Amino acid sequence: WIILFQLPLELYFMYVNAAVGWLGFWFVTVHVLVTLECSVINWVVWRGRPSMQVSWQTVALQSFYFQFLTVCMFVGHWRSLLYYIPVVPMNYRGSSGNA
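In this text, residue positions in the sequence shown follow the UniProt record's numbering: the first is 1, and each later residue adds one.
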């Protein structure tokens, strides 16, 4: 068990953490996991449906797209909390503002 799974994971964690720090560690880890998930879905789950499969470039770039959407989600939520909610008045009743 330790030779097959635990030791390679520990070596991976130590190497990536030492090379790029915590932010890079999470970036690389998410990149590997999303690419693995997309690869399994594309080439294992859809192996009988060639019309549903995508190219290897799409599988490789999917993790970057996922991380881009995650950054956009955090920026959008913080922008909403810090700017739109306190500054921009909400139009709750659908009126034009002239009573």
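Backbone N, C-alpha and C fix where the C-beta goes; we use that ideal spot for every residue, glycine too.
Only a predicted model underlies this, so the values are computations on that prediction, with no experimental measurement involved.
Whole-angstrom C-beta distance between residue j and residue i, which should lie under 8 Å
i     : j     : result
Ser63 : Val30 : 7 Å
Thr35 : Val59 : 7 Å
Backbone secondary structure at residue i - three-state DSSP
i     : result
Gln6  : helix
Tyr92 : coil
Phe51 : Reading off the sequence, residue 51 comes out as Ser, not Phe. Of the three classes helix, strand and coil, the one that applies to Ser51 here is coil, per DSSP.
Trp56 : helix
Trp46 : coil
Rounded separation between residue i and residue j - CA only
i     : j     : result
Leu23 : Tyr65 : 17 Å
Val71 : Leu7  : 32 Å
Tyr12 : Trp26 : 12 Å
Gly76 : Pro89 : 18 Å
### Query
With contact counted as at least three CB pairs below 8 Å, one residue from each stretch, are the segment 71 to 84 and the segment 34 to 51 in contact?
In short, these stretches do not touch, since the Cβ pair count stays below three.
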